[in-house]
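> Questions regarding the structure given below will be posed in turn.
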Ligand SMILES: [Zn+2]
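Numbering (the UniProt record's numbering), first residue to last: 1 to 774.
Next up, the structure:
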């Protein structure tokens, strides 16, 4: 149940108690992992409902993985060593996050320096926790466990095909010569990779030893690596503390080319030259711009590995080694944005991390803001504004469908136990978060002052995990005049029950909400009170402020004009159309045009005939981001003349982001039989997880859990992205109830919730969902 999502939006405290009007903190345990604002500011114990572990009882100093990869049986087996220091007396149990796909063989304990060199075997028990994991309860030797004394716990285990681990047969790789395996930890999947404190609140260094067959290259999100060819052993060391979800591994036939002094591109041999050509020296350039803005890059290496189309998302900000899907290579502008976004995570998300999944916006909103600061410096304000308009369009599209009061539109959400955090990651996490950070920048009065603030924020909290209160405290401490205004306003509210209202003004691009003083005696300059923070974080609905994007007018206006032209007339005259040379437009301009035309589908048949005649051939030669949007228009308008193009596209593309949206549209319309036919023709080239997703779409067979090969282990494929959005819609339609069973939810929603159908029609991965995780 998600009833508490409707709680009164008054809390900023990490424990969700209402803050006293004075702004004082609630009291409690100050031993939480977050750095907090400094000594003397006690906090409530941090609660992460997505973790079964008792992470607050220990300090995790380091861990080591020793794994052997067996591609033939798709297994990783070996051991994990945790260096733990109990932080309080009376701890008898260590509870780790685990998963049914992990087979635990044995667990033992050593106490270095205690005189007892032989490890002691420990008893343990695995309990159910949620659909996405289990809890591993380990009984500790009470005589040896003392606060402050290091203990080493060794867990021997085998893991097969849990949600974090994606084994690809060679046919699913680009080269189709060798199998490949990669892991994807975000957000709560890595508990199926190794037992851990699977919470972003806990960070530690790690090392790893990985043994593989000859000819296989292993990469990890680590700052150092080495390879012993005779032993076929790779060694890794991550010298900077990271949360469990950022531990990542890929192994396959991978080669590299250096593209800068601290960056190299990795890919299968058949992809490498294209990848290098696309990125060239850009990575170092983007790193340089980011360092100018936000301070030194902290991770040493900034490598990028391109993964086959089976990679379930667009990109993942694994530190030192960004994972990115090869399918994006042909769409240069999207590749640029995606890589810059991952680079921005080097500061926001990886160096400073949200302490719970309920505040993912702290990573994604700040990273999106940082990404746009980088693109503004590197490519100009107009380009950045255009890209932002495309995303904010998508945000408002999502809002129109979900309604302003949908709880998933909050920046700070509260999970009920059992809800998979990934299901609540949505555009609000990114774009409403971006708008809030832009609002803070606006409050600061100067974008460059705000850059300096962000640089010092990173310096203050690097390698730690924070909650929103940390950011806001630091912000108000950095700009004390705003704090003064906030206190004055709060006092005014207490005394008179009046204060600030919200007014809407219409700038050149979009409605922007600013705070205006209801009381006419208030000076106009004091609108920037900062007291909107609580509404920003806890309130539903659209962003209270959006940045001025008029600098993108020269790029955006032609798109708007062309949309008006097509909407006004069934067949615009050729003379007028020729003044719009789409072949000279950027990808984002065409994407904006098609997104807005998609918003107006279905279109009259004559319009589709004219659109096809004008652009279809042009789009054939453009990238997949353009093509999928046009083909969605074809499908949603049942425009049969261009159906062969849909077939060709689905025969070529085997990634989730380019298949699921089209299949969803095909099934929603009158072309389901075409979808089934294409599916049968192409299914062998699809990853089993994607195949299952498409089967659910085509045959609505998602109501039963999918058993993996090993008895007792349950595979939980990541939630298909449109289903995430459906979950969001259903949260409202079913009285805030978020279903835990993805498949069951889907089938129930289809029968009972009209909104879900709307979402399938309008919110697709290509338009929105593909932005969900990167
Ligand atoms: Zn991101």
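Every residue, glycine too, gets a C-beta built ideally from N, C-alpha and C.
1. Are there three or more Cβ pairs, one per stretch, closer than 8 Å when the stretch 648 to 657 is compared with the stretch 679 to 699?
2. For residue 364, is the beta carbon positioned less than 6 Å from some heavy atom of ligand 1?
3. Based on Cα-Cα distance, which residue from 370, 326, 114 and 195 lies nearest to residue 430?
4. Tell me which same chain residues have a C-beta within less than 6 Å of the C-beta of residue 395, skipping the five on either side of it?
5. At a cut-off of 6 Å, would you count residue 370 as near ligand 1, judging by its Cβ distance to the nearest heavy atom?
6. If we ignore side chains and look at the alpha-carbon of each, how far apart do residue 177 and residue 220 end up?
7. With a CB to CB cut of under 7 Å and the five nearest residues on each side skipped, what residues in its chain are close to residue 156?
8. Which ranges would you report for the beta strand (DSSP E) in the stretch 153 to 237 if only whole runs of at least 3 residues count?
9. Under the rule that 16 or more other beta-carbon atoms within 10 Å means buried, what is residue 405, buried or exposed?
10. Closest to residue 604 by C-alpha separation, out of 301, 567, 469 and 698, would be which residue?
11. In terms of residue numbering, what span does the beta strand (DSSP E) encompassing residue 252 cover?
12. So what's residue 120 in DSSP terms, helix, strand or just coil?
13. Check whether the Cβ atoms of residue 245 and residue 185 lie closer than 7 Å to each other.
14. What are the start and end residues of the alpha helix (DSSP H) that includes residue 411?
15. If contact is defined by three or more beta carbon pairs under 8 Å, each pair taking one atom from either stretch, is the stretch 89 to 100 in contact with the stretch 139 to 147?
16. Kindly identify the DSSP beta-bridge partner or partners of residue 264.
17. Which stretch, first to last residue, makes up the beta strand (DSSP E) that contains residue 95?
18. Report buried or exposed for residue 263, applying the criterion of at least 16 other Cβ atoms within 10 angstroms of its Cβ.
19. Using a threshold of 6 Å, is the CB atom of residue 367 nearer than that to any non-hydrogen atom of ligand 1?
20. Thinking just about the alpha-carbon of each residue, which of 130, 103, 85 and 205 is nearest to the one in residue 150?
21. Tell me the residue span of the beta strand (DSSP E) that contains residue 305.
22. Can you find at least 3 beta carbon pairs, one from the stretch 222 to 234 and one from the stretch 269 to 283, that sit closer than 8 Å?
23. May I ask you to list the residues that DSSP assigns as paired with residue 448?
24. Is residue 585 helix, strand or coil when you go by DSSP?
25. Fully enclosed by the stretch 548 to 606, which beta strand (DSSP E) runs are 3 residues long or longer?
26. Short of 6 Å in beta carbon distance, which residues of its chain neighbour residue 89, apart from the five on each side in sequence? Order them along the chain.
27. Beta-carbon within less than 6 Å of residue 162's beta-carbon, same chain only, minus the 5 sequence neighbours each way: which residues are those?
28. Using a Cβ-Cβ cut-off of 8 Å (strictly less than) and excluding sequence neighbours within five positions of residue 291, which residues of its own chain qualify?
29. What does the alpha-carbon distance come out to for the pair residue 454 and residue 248?
30. Return yes when the Cβ of residue 555 is within less than 7 Å of the Cβ of residue 351, no when it is not.
31. Just the Cα atoms here: how many angstroms apart are residue 168 and residue 557?
32. Hey, how far is the Cα of residue 670 from the Cα of residue 413?
33. Could you compute how far the alpha carbon of residue 60 sits from the alpha carbon of residue 111?
34. Looking at the structure shown, is residue 141 part of a helix, part of a strand, or coil, going by DSSP?
35. Give me the residue from 668, 661, 647 and 658 with the minimum Cα distance to residue 804.
36. Please classify residue 552 as buried or exposed, where buried requires at least 16 other C-beta atoms within 10 Å of its C-beta.
Taking the definition as stated:
1. yes
2. Residue 364 sits at position 364 when you count from the first residue of the chain shown. True, at least one ligand heavy atom lies under 6 Å from that Cβ.
3. Sequence index remark: in the chain shown, residue 430 carries index 430 (1-based). Selected option, being the one with the closest Cα: 370.
4. Taking the first residue of the chain shown as 1, we reach residue 395 at position 395. Excluding sequence neighbours, residue 395 sits near 427 and 431.
5. As a first step, residue 370 must be located in the chain shown, where it is residue number 370. No, Cβ of residue 370 sits at least 6 Å from all heavy atoms of ligand 1.
6. Numbered from 1 along the chain shown, position 177 holds the residue referred to as residue 177. Numbered from 1 along the chain shown, position 220 holds the residue referred to as residue 220. The straight-line gap from Cα to Cα measures roughly 22 Å.
7. One-based indexing of the chain shown puts residue 156 at position 156. Cβ neighbours of residue 156 beyond the five flanking positions: 79, 105 and 106.
8. 165 to 168, 180 to 183, 204 to 211, 217 to 220 and 224 to 228
9. Position 405 of the chain shown, counting from 1, holds the residue named residue 405. Flag for residue 405 reads exposed.
10. For this step, residue 604 is matched to residue 604 along the chain shown. Closest by alpha carbon: 567.
11. Residue mapping note: residue 252 aligns to position 252 of the chain shown, counting from 1. Here the beta strand (DSSP E) through residue 252 covers 249 to 252.
12. The sequence position of residue 120 within the chain shown is 120, counting from 1. In the structure shown, residue 120 sits in a strand (DSSP, three-state: E or B).
13. Residue 245 sits at position 245 when you count from the first residue of the chain shown. Residue 185 sits at position 185 when you count from the first residue of the chain shown. Against a cut-off of 7 Å, the Cβ pair of residue 185 and residue 245 comes out as a contact.
14. Here residue 411 refers to the residue found at position 411 of the chain shown. Unbroken run through residue 411: none, as it is neither H nor E.
15. yes
16. One-based indexing of the chain shown puts residue 264 at position 264. Residue 264 pairs with 258.
17. Translated into the one-based positions of the chain shown, residue 95 becomes position 95. Where residue 95 is concerned, the enclosing beta strand (DSSP E) stretches over 93 to 98.
18. The sequence position of residue 263 within the chain shown is 263, counting from 1. That one is buried.
19. Taking the chain shown and counting its residues from 1, the one referred to as residue 367 is at position 367. At least one heavy atom of ligand 1 is nearer than 6 Å to the Cβ of residue 367, so yes.
20. Sequence index remark: in the chain shown, residue 150 carries index 150 (1-based). With distances taken between Cα atoms, residue 150 lies closest to 85.
21. For the purposes of this step, residue 305 is identified with residue 305 of the chain shown, where counting begins at 1. Taken as a continuous stretch (DSSP letters only), the beta strand (DSSP E) holding residue 305 covers 303 to 307.
22. no
23. Here the question's residue 448 lines up with position 448 in the chain shown. Paired residue(s): none; residue 448 is not in a bridge.
24. Taking the chain shown and counting its residues from 1, one reaches residue 585 at position 585. Of the three classes helix, strand and coil, the one that applies to residue 585 here is coil, per DSSP.
25. none
26. Start at 1 with the first residue of the chain shown, and residue 89 comes out as number 89. Answer for residue 89: 147, listed in chain order.
27. Taking the first residue of the chain shown as 1, we reach residue 162 at position 162. Hits under 6 Å: 99, 101 and 192.
28. Position 291 of the chain shown holds residue 291. Contacts found: 297.
29. Taking the first residue of the chain shown as 1, we reach residue 454 at position 454. Taking the first residue of the chain shown as 1, we reach residue 248 at position 248. Taking the straight line from one Cα to the other gives about 27 Å.
30. Residue numbering aside, residue 351 sits at position 351 when the chain shown is read from its first letter. Residue numbering aside, residue 555 sits at position 555 when the chain shown is read from its first letter. Result no, Cβ atoms of residue 351 and residue 555 do not sit closer than 7 Å.
31. Sequence index remark: in the chain shown, residue 168 carries index 168 (1-based). Sequence index remark: in the chain shown, residue 557 carries index 557 (1-based). Cα to Cα, residue 168 sits roughly 45 Å from residue 557.
32. Here residue 670 corresponds to residue number 670 of the chain shown, with the count starting at 1. Here residue 413 corresponds to residue number 413 of the chain shown, with the count starting at 1. For residue 670 and residue 413, the distance between alpha carbons rounds to 38 Å.
33. Indexing the chain shown from 1 puts residue 60 at position 60. Indexing the chain shown from 1 puts residue 111 at position 111. Each residue's alpha carbon lies about 15 Å from the other.
34. Your numbering for residue 141 matches position 141 in the chain shown. The answer is coil: DSSP assigns residue 141 none of H, G, I, E or B.
35. What is shown of the chain runs 1 to 774, which leaves residue 804 out entirely.
36. Taking the chain shown and counting its residues from 1, the one referred to as residue 552 is at position 552. Residue 552 should be labelled buried.
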